[in-house]
Amino acid sequence: MATYAFSDVHGHRATLERLLERVSPADDDRIFMLGDMIDRGPDPVGVLRICRELPGATVLMGNHEDLMLTYLEAPEVGMNQVNWEMNGAGTTMDGLSSLPEGERVELLDWVANLPLYAYAFVSGRPYAMVHAGIRPGVPFERAGEKDEAPEAAEDGAYAMGWSDDDLRAMLEAQRPEDLVWIREEFWGQPTGLVGEDGRGPIVIAGHTPTPYLQGMADLPDRLPLDENGLCRMVMVGASAQTGGVADRWDIDCGAAGGAGFGNLLMLRLDDGQETYEPVREGE
229 MATYAFSDVH
239 GHRATLERLL
249 ERVSPADDDR
259 IFMLGDMIDR
269 GPDPVGVLRI
279 CRELPGATVL
289 MGNHEDLMLT
299 YLEAPEVGMN
309 QVNWEMNGAG
319 TTMDGLSSLP
329 EGERVELLDW
339 VANLPLYAYA
349 FVSGRPYAMV
359 HAGIRPGVPF
369 ERAGEKDEAP
379 EAAEDGAYAM
389 GWSDDDLRAM
399 LEAQRPEDLV
409 WIREEFWGQP
419 TGLVGEDGRG
429 PIVIAGHTPT
439 PYLQGMADLP
449 DRLPLDENGL
459 CRMVMVGASA
469 QTGGVADRWD
479 IDCGAAGGAG
489 FGNLLMLRLD
499 DGQETYEPVR
509 EGE
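In short: position in the sequence shown from 1, add 228, done, that's our numbering.
Have a look at this one:
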């Protein structure tokens, strides 16, 4: 069983289909989709359908899903429509309006009930996954350090002094709006979750296309654009404070920007393998 994460597809159904075909995840693999399935690209409804039906997938709420739901819950509030339209709502509106009412209601009900966070233990490391990030320094109560038990680490419920209860408590303490909207406050400082011994949860997020991190975070030697000018993932935060471990990983590879800039990334957490599929013209 492998564990994958991807994010910020933004309506590029054809690109996502090619990426999934290349990765070819098994039915018992875990897949975490970190939100922003919709808007900007040509087929947001197609992306929603794929993500909803993907075996082993946990799909999170993104800020674009939040914008859509806010508008649909109160369309009479003028700024709700303005805010959504300013963020590329047109293709999503068109796609939803073309659906039979029953399917539209069912799909929107699924989106409205998406979780705001997920977590996983992979190869002895805890990971917290959210759309945008977390606010560092928010207090929460942990169950307390325990002796590392190999059998506990293997069953995926405990690793590096962190239990699933600890991860859940940390994420529940966050404000919902931060989990889907935060940016500079997350990328600009350590999370405080990884200690000097390098132990602790890494936070994986999307929301911010990796080139936009310039000016927000101290970037590593690896640039956010590859040799073809396409976005790629960036890991930030490695320092003496974290035992040299990057505590924040950005996997938004700019699909919203379209062809010539955007990639979709499928990250395999087990070994760090990065599989990219570029967005093509017209899709």
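For every residue, glycine included, the Cβ atom is placed at its ideal position computed from N, Cα and C.
With DSSP run on the structure shown, which of helix, strand or coil describes residue i?
i, result
"residue 512", "Any answer about residue 512 is impossible in this case: the structure gives the chain only from 229 up to 511."
"residue 442", "strand"
"residue 325", "helix"
"residue 311", "helix"
"residue 496", "strand"
"residue 348", "strand"
"residue 237", "coil"
If you follow the alpha helix (DSSP H) that residue i is part of, which residue opens it and which one closes it?
i, result
"residue 414", "412-415"
"residue 341", "Here residue 341 belongs to no alpha helix (DSSP H), and DSSP marks it neither H nor E."
"residue 273", "272-281"
"residue 242", "241-251"
With burial defined as no fewer than 16 other Cβ atoms inside 10 Å of the residue's Cβ, what is the status of residue i: buried or exposed?
i, result
"residue 451", "exposed"
"residue 258", "buried"
"residue 341", "exposed"
"residue 368", "exposed"
"residue 360", "buried"
"residue 353", "buried"
"residue 371", "exposed"
"residue 250", "exposed"
Closer than 6 angstroms by C-beta to residue i: which residues in its own chain qualify, once you throw out the five before and the five after it? Chain order, please.
i, result
"residue 504", "491 and 493"
"residue 324", "332"
Can you list, in chain order, the residues of its chain with a C-beta nearer than 8 angstroms to that of residue i? Leave out the 5 residues immediately preceding and following it.
i, result
"residue 417", "364"
"residue 481", "236, 437, 438, 458, 459, 460, 461, 490, 491, 492, 493 and 504"
"residue 245", "278"
Could you name the residues of the same chain whose beta carbon sits closer than 7 angstroms to that of residue i, not counting the 5 residues immediately before and after it, in chain order?
i, result
"residue 270", "239, 319 and 511"
"residue 355", "347, 348, 429, 430, 432 and 497"
Which residue marks the beginning of the beta strand (DSSP E) containing residue i, and which one marks its end?
i, result
"residue 357", "353-358"
"residue 258", "258-261"
(request) Entirely within the stretch 393-481 and at least 3 residues each: give me those beta strand (DSSP E) ranges in chain order. (result) Every beta strand (DSSP E) stretch that sits fully inside the stretch 393-481 and reaches 3 residues is listed by chain position as 430-433, 462-464 and 476-478.
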